[in-house]
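Novice:
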Amino acid sequence: MIEKGHSEDYFNEDRNFWWNRDYFELLTKRWGLSKYSSLLDVGSGLCHWSKLFSNYLKQPVEIVALDYDPKWAKGNSELEEYFYRRNATIKFMQGDAENLPFEDNTFDIVTCQTVLIHLKNPLKALSEMKRVLKKGGILICAEMNNIAGALAKSTITDDEAIEETLDRLKYYLMYEKGKRILGEGDNSIGDLLPGYFAETGLESIKVYLSDKASPIFPPYDTEEEKTFLDTFNEWLENDEGEFDYQQALRYFKTVSEKKEDLEFFHKQWQKRKEEARMQNEQIRKKQFSTGGAYVMYVISGIKGEE
């Protein structure tokens, strides 16, 4: 079996639909990206994030893609060609977000997307990102509040009892708390980032929300819907992503090993799987729909003269 890289279950084609391009263009104007040319992408994975940025920077563009996982840190020729065609050079490196292997005042831009949600000490990582920024440089982080999704309605949950809604929320709260206790990050860290930016000493802090939603409704014929549903079913069939049983159980046991809490986990786990099967059945009948709302923060701050 080929060993997976960190977060590989989440590096699917649906990530290409995370941002409305016109909204991202608006953000680049707010940030004044056209005056910057060097960028550090922390936790770069397959460079979905730095690909977006490369189209709006001052040429020639210099990008460093850093990832802790050796699978992503080695890069690939396809990515090199992508950036070459945009008059950008890219260097792939392995490194730790909480101990960046760069000198002070190195980059115009330091950025990450859904990386801090995986870190034990996000404040230390932010401090490191600020350290390697040039004076006047900008730090940009895109991070989520994932727990909000537990309350998003669909045609499956619309008529459920209040107690069922609260149980679902409790399930995801315990999941997130276990992950955080284990030092694997806070899945809803986006809510806390403005305060962390201030604590780090960044200036001119700006906080925005992505305008993106991922609705699903009949006839399910857009490329985005098809891609999302393919990923969803791959997770369901292979016990991956949110359907990774062993990972979920490990998080729950970290919070509580009481008999009643483990019984709650197993009951809710089965309910999540049953809801997934119901979703597929409703889709087959052209009956399923949801607005697909999620909360993605985009926070920026400038490194002052200090």
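Residues in the sequence shown are numbered from 1 upward in steps of one, following UniProt numbering. Idealized CB from N, CA, C, for every residue including glycine. As the structure is a computational prediction, the values presented were derived from the model and not from experiment.
(1) Can you say whether glycine 178 is buried or exposed, counting buried as having 16 or more other CB atoms within 10 angstroms of its CB?
(2) Helix, strand or coil for lysine 273? Go by DSSP, reduced to three states.
(3) Here's the rule I'm using: 16 or more other beta-carbon atoms within 10 Å means buried, otherwise exposed. How should tyrosine 245 be labelled?
(4) What does glutamate 62 pair with, by DSSP beta-bridge criteria?
(5) With distances taken between CB atoms, is the gap from valine 64 to valine 115 smaller than 8 Å?
(6) Tell me the rounded alpha-carbon separation between glutamate 306 and isoleucine 147.
(7) Enumerate, from N- to C-terminal direction, the unbroken alpha helix (DSSP H) stretches of 4 or more residues contained entirely within the segment 233 to 290.
(8) Ignoring anything shorter than 3 residues, give me the beta strand (DSSP E) runs that lie fully in the segment 134 to 211, in order along the chain.
(9) Beta-carbon separation of serine 38 and aspartate 108 under 8 Å?
(10) Please classify aspartate 186 as buried or exposed, where buried requires at least 16 neighbouring CB atoms within 10 angstroms.
(11) Helix or strand or just coil, what does DSSP make of tyrosine 68?
(12) Please tell me whether leucine 139 and glycine 301 are closer than 8 Å, where the distance is taken between their beta carbons.
(13) Which same chain residues, not among the five before or five after threonine 106, have their C-beta less than 6 Å away from its C-beta?
(14) Is phenylalanine 217 helix, strand or coil by DSSP?
(15) Report all residues from its chain with a CB closer than 6 Å to the CB of glycine 190; omit the five preceding and five following residues, and keep chain order.
(16) Spatial neighbours of lysine 91 within its chain, please: C-beta separation below 6 Å, excluding the five flanking residues on both sides.
(17) Within 10 Å of its beta-carbon, does arginine 21 have 16 or more other beta-carbons around it, so buried, or fewer, so exposed?
(18) Cβ-heavy atom distance between glycine 75 and the ligand ATP below 7 Å?
(19) Counting only beta-carbon separations shorter than 8 Å, does phenylalanine 24 have a partner in chain D?
(20) Go ahead and label isoleucine 162 buried or exposed: buried means 16 or more other beta carbons lie within 10 angstroms of its beta carbon, across all protein chains shown.
(21) Taking Cβ to Cβ, would you say glycine 136 is nearer than 8 Å to lysine 303?
(22) What is the DSSP secondary structure of threonine 114, reduced to helix, strand or coil?
(23) Can you check which of these residues, Tyr23, Arg30, Lys35, Gly45, is closest to arginine 15 by C-alpha distance?
(24) When DSSP labels each residue in this structure, what does aspartate 99 get in the three-state scheme?
(25) Hey, is the segment 71 to 86 in contact with the segment 163 to 173, meaning 3+ C-beta pairs nearer than 8 Å?
Specialist: Once the coordinates are examined:
(1) buried
(2) helix
(3) exposed
(4) Ser38, Thr89
(5) no
(6) 36 Å
(7) 245 to 255, 259 to 284
(8) 203 to 209
(9) yes
(10) buried
(11) coil
(12) yes
(13) Val132
(14) coil
(15) Glu143, Met144, Asn145, Tyr297
(16) Val64
(17) exposed
(18) Ligands displayed in this structure: none; no statement on the ligand ATP is therefore possible.
(19) Absent from the structure: chain D. Only one protein chain is present.
(20) exposed
(21) yes
(22) coil
(23) Gly45
(24) Residue identity check: residue 99 is asparagine in the sequence provided, not aspartate. Residue state, collapsed to three classes: strand.
(25) no
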